[in-house]
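So the mapping is simple: my numbering equals the position in the sequence shown, first residue as 1, plus 34. Glycine residues also receive a C-beta, built at the ideal position from the N, C-alpha and C atoms.
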Amino acid sequence: MRGTLTQQTVPHRYGAAILPFPRLPTLCTEAPMYRLAEERIAKLVRAGLGSRLRTGKRGLEKESLRITRDGSIAQTPHPAAWGSALTHPYVTTDYSEALTEFITPAFNRTEDVMRFLHELHQFAYEMLTPEELLWPSSMPCALKDDRTLPIAEYGSSNIGRMKHVYRVGLDYRYGRRMQAIAGVHFNYSLPLDFWPGYREVIGSTQPVRKFVDDHYFGLIRNFRRIGWIVPLLFGNSPVVCSSFLGGRTTRFKPFDACSHYLPYATSLRMSDIGYKNKNQAALDIAYDDLDNYVLSLSRAIATPYPEYEVIGLYDGEKRIQLNTNILQIENEFYSYMRPKRTTRPGERPTAALRERGVEYVEMRALDVYSFAPSGVAEEHLRVLEAFLIFCLLADSPQISASEQWGIEYNELTVAMRGREPGLVLIKDGERVGVKEWAEDILAGLEPICDILDEGSDTPHYRQALRQQRELLAEPDALPSARILRELRERRMTFFDYTLELAYAHEAHFRSNPLRPGLRDYFKGLAEESLAEQRALERSDEIDFATYLAQQAMPALPEAGEH
């Protein structure tokens, strides 16, 4: 039964908001999004193009806090044996010296991505002092105060100093606690030879470059609509150390003497205490198309913001922000998904997108998976790949203002209450049960998984999809519920439980060392990266102030300009 629309005040990420919110639940019904995806899949198969979907590129960026054996955040620098955080292609830091980031190349096969990520962890542990290990959760270990999270350093080159000052600016703007949260980014692109055939199959007359850009933005809009399913299925951060909340415990329940939680939360990382940034609530970044996205993001980077102007650019002689604008650079914009293009040396991400179009999408909604030594489960990546293809093929109209309210409501609701019995979300201005809607989405992935499994001896994608459908049928078996159940059964705090997992993962990697040839390869990369950083530091010919002036945002393009 469909509900009658009424206007209700409902909890909103940034305070109370008036959303169209019907009073009666309704089941998901056939929608253009699903019908069009089904039609396009059939056309691709008839045209013999299904095989091209199997050769898309997949890559990972996975963050982990480096900790001491007592569970404190490591205060030591990024290990020199790992190489330079500035120039190493695969091992770097995110916000903090202690927040390590492992980056894989893009591979055509999921198993190759997972193998490389595992090898990076093997190398990291072989080179890491025995007094330190990696924290296997998105939400950080105990934080005494913000100063216990050392801001990342990148040496004395201009680009290295710029990366450091940007992070100092984040501290002044948002504090360090949010920056201690770790996550996993899944990078995905369709193969280049897919696009001309797909364009022909659906009868488009657009130039190929414009066609590709528009369809990647269609994928992004659809991910915004239904991406809440990612924390629902894969989120595993329902509980945090009380120290992380810094006394802001009003909405949370005490789990034990030093942990707080929400009973039905899936991913507190994706809630308003984590990845979502309240300071950016007023940003109006457009996802209509590439031109308007670049224009709206560029405006945010070029527009002064009073709160940041009060902070200023300097504390004495120390530079503390790159600028006083809404965003210092593009990466400061927090979003579930970004359109990406590989940049050239010194090139801004917005300029790269504008000049050469979308190359891939970066999906940023994954928690670190605490139960896997490398923090990622292969079966999760297979479902995510099918899901992103579904988002690409499905109908994706522009997002209206009223729909945007529903998107924000759904994101926060699933992050904080996703497993709540009878929970409803907002879909097309009406209420729909989260379980029923998720079942519809997963059903839509079946034909895509069939295509991706074709020619394989083992139906990995269908198996991964079946596993998620079984977990959805029993929400108490989802990863977020498993965390809470094991904490209760073992009568452990979040801190002690996660530290025990850290020891177990360390033992896994230390007992499975790298092959000698591979160890030499990674050692060589580390040495080369350190030499490259030293060369950069010697090659700077201008002072830092001049360098920053040259990096300032250029004049804004007009919408539609190329």
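Exercise. Residue range of the alpha helix (DSSP H) that Ala538 falls in?
Worked result: Phe528 to Arg544
Problem set entry | Cβ pair His539, Pro407 closer than 9 Å | yes
Problem set entry | In DSSP terms, what Arg372 is bridged to | Residue pairing for Arg372: DSSP places it in a beta bridge opposite Glu396.
Exercise. Counting along the chain, where does the beta strand (DSSP E) carrying Trp116 start and finish?
Worked result: Here Trp116 belongs to no beta strand (DSSP E), and DSSP marks it neither H nor E.
Exercise. Between the segment 190-208 and the segment 549-559, do three or more beta carbon pairs fall short of 8 Å?
Worked result: no
Exercise. Within 10 angstroms of its Cβ, does Val344 collect 16 or more other Cβ (buried), or is it exposed?
Worked result: exposed
For this session: Would you kindly check if the distance between the Cβ of Met450 and the Cβ of Ser271 is under 9 Å?
Result: no
Exercise. On the three-state DSSP scale, how would you describe Cys275?
Worked result: strand
Problem set entry | Neighbourhood of Ile137 by C-beta, 6 Å cutoff - its chain only, sequence neighbours within 5 removed | Glu95 and Tyr124
For this session: From the DSSP output, in three-state form, read off Ile423 for me.
Result: helix
Exercise. DSSP state of Gly440, grouped into three classes?
Worked result: In this structure, Gly440 counts as helix in the three-state DSSP scheme.
Exercise. DSSP on Val458, reduced to helix/strand/coil?
Worked result: strand
Problem set entry | CB contact flag (Thr527, Ser293, <9 Å) | The answer is yes: Cβ separation under 9 Å.
Exercise. From this set, Thr110, Leu120 and His152, which residue's C-alpha is nearest Thr163's C-alpha?
Worked result: Out of Thr110, Leu120 and His152, Thr110 has the C-alpha closest to the C-alpha of Thr163.
Exercise. Does the Cβ-Cβ distance between Trp262 and Thr447 come in under 9 Å?
Worked result: yes
For this session: Closer than 6 Å by C-beta to Leu61: which residues in its own chain qualify, once you throw out the five before and the five after it? Chain order, please.
Result: Bear in mind that the predicted position of Leu61 carries a pLDDT of just 33, short of 50, making it unreliable; the figure below should be weighed with that in mind. Result list for Leu61: Glu470, in chain order.
Exercise. Closest by CA to Gly93, which one among Met148, Ser106 and Glu135?
Worked result: Met148
Exercise. Can Met371 and Ala336 be called in contact, C-beta distance under 9 Å?
Worked result: Taking 9 Å as the Cβ cut-off, Met371 and Ala336 do not qualify as a contacting pair.
Problem set entry | In DSSP terms, what Ile185 is bridged to | Under DSSP, Ile185 forms a beta bridge with Ser130.
Exercise. Who are the Cβ neighbours of Asp227 in its own chain at under 7 Å, not counting the five residues just before and after it?
Worked result: Only Arg86 meet the Cβ criterion.
Problem set entry | Simplified DSSP assignment, three categories, for Asn359 | Note: Asn359 maps to strand in three-state DSSP.
Exercise. Is it the case that the Cβ atoms of Gly478 and Ala511 are separated by a distance below 9 Å?
Worked result: no
Exercise. In chain order, what residues of the same chain lie with their CB nearer than 7 Å to the CB of Ser494, ignoring the 5 residues before and after it?
Worked result: Sequence inspection shows His at residue 494; the Ser mentioned does not correspond to that position. Same-chain partners within the cutoff: Arg416 and Asp487.
For this session: Rounded to whole angstroms, what's the CA-CA distance from Pro288 to Asp180? Just pull it up for me.
Result: 22 Å
Problem set entry | Candidates Glu419, Arg453, Asp530 and Asn444, of which the one nearest Leu476 by Cα | Glu419
Problem set entry | Sequence-distant residues of its chain with Cβ nearer than 6 Å to Leu324 (five each side left out) | Excluding positions up to five away in sequence, the list reads Asp247.
Problem set entry | Sequence-distant residues of the same chain with beta carbon closer than 6 Å to His645, five excluded per side | Any property of residue 645 remains undetermined from this structure, which presents the chain solely from 35 to 596.
Exercise. How should Pro509 be labelled, buried or exposed, when 16 other C-beta atoms within 10 angstroms of its C-beta is the threshold for buried?
Worked result: Counting C-beta atoms within 10 angstroms of its own C-beta, Pro509 has 16 or more neighbours from the protein chains shown and is therefore classed as buried.
Exercise. Rounded to whole angstroms, how far is the Cβ of Lys461 from the Cβ of Val235, which I believe are closer than 8 Å?
Worked result: Not confirmed; about 28 Å, so no contact.
Exercise. I think Val402 touches Gly217, with their Cβ atoms under 8 Å apart; what is that distance to the nearest whole Å?
Worked result: 7 Å
For this session: Count the other C-beta atoms from every protein chain shown that fall within 10 angstroms of the C-beta of Arg303, then say buried if there are 16 or more, exposed otherwise.
Result: buried
Problem set entry | Straight-line Cα distance separating Arg382 from Glu364 | 8 Å
Problem set entry | C-alpha gap between Phe578 and Gln355, whole angstroms | The alpha-carbon atoms of Phe578 and Gln355 are separated by roughly 13 Å.
Exercise. Are Leu422 and Tyr222 touching if we call contact CB-CB under 9 Å?
Worked result: yes
Problem set entry | CB contact flag (Tyr581, Met212, <9 Å) | no
Exercise. Who does Ser98 pair with in a DSSP beta bridge?
Worked result: Thr134
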